[in-house]
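Beneath this line is the structure, given in structure tokens, with notes to follow.
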Amino acid sequence: MSSSNLTISSGVWEHGICGCFDDCSLCLMSFFCPCIQVYRNANAIPGGESAFCFLFGLCTPLRMCYSRAALRSDIRIHKGIKGTHFEDWICTHFCFYCSLAQESQEMKDNYMLRE
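Rendered as structure tokens:
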């Protein structure tokens with residue numbers, strides 16, 4: 001088994017939703033270039049779609065929130081973090097940029113997201 005497939009999880013997010021400023025570069029990328037950050041996150045998980053970024057940019061706002069929630073769910077499931085799809089949707093809908101930065105920090109901590 002390759003090390004990129006190994007994830008050890010405590011079942012909770014290692015970074016809180018309000019911890020988006022813990023990594024300033026990820027915070028700035030998430031706020032000013034969310035399409036690029038979504039693309040990087042989607043490509044960091046096994047089975048991530050590189051076309052996700054393109055679709056993300058073209059979708060209507062409602063569909064965009066659904067797409068972001070689906071990606072957050074994929075990251076959460078891959079990392080073994082407890083939660084529901086509804087919680088993911090609420091988080092991405094009301095805390096769009098902070099949740100994107102949080103997901104990026106989680107992926108970076110597991111060396112899945114390259115700088």
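Numbering-wise (full-length UniProt numbering), the sequence shown opens with residue 1 and increments by one.
Glycine included, C-beta positions come from ideal geometry on N, C-alpha and C.
Quick caveat: nothing in here was measured; it's all calculated off a predicted structure.
Practice task
With a 10 Å radius around its C-beta and 16 neighbouring C-beta atoms as the bar for buried, classify residue 79 as buried or exposed.
Solution key: buried
Exercise for the section: Rank 71, 68, 75, 28 by C-alpha distance to the C-alpha of residue 106 and give the top, closest one. Expected result: 75
Handout entry: Stretch pair the stretch 83 to 91 + the stretch 21 to 29: three plus CB contacts closer than 8 Å
Key = Taking 8 Å as the limit for Cβ pairs, the verdict is that the stretch 21 to 29 does not touch the stretch 83 to 91.
Practice task
Compare the Cα-Cα distances from residue 93 to each of 13, 68, 103 and report the closest residue.
Solution key: The candidate whose alpha carbon is nearest that of residue 93 is 68.
Handout entry: 8 Å CB neighbourhood of residue 14 in its chain, flanking five on each side removed
Key = 105, 106, 109
Handout entry: The alpha helix (DSSP H) enclosing residue 109, as first and last residue numbers
Key = Per DSSP, residue 109 belongs to the alpha helix (DSSP H) from 96 to 109.
Problem - Proximity to residue 101 [Cα-Cα], best of 43, 33, 82 - result: 33
Handout entry: residue 28 burial status per 10 Å Cβ neighbour count (16 or more: buried)
Key = exposed
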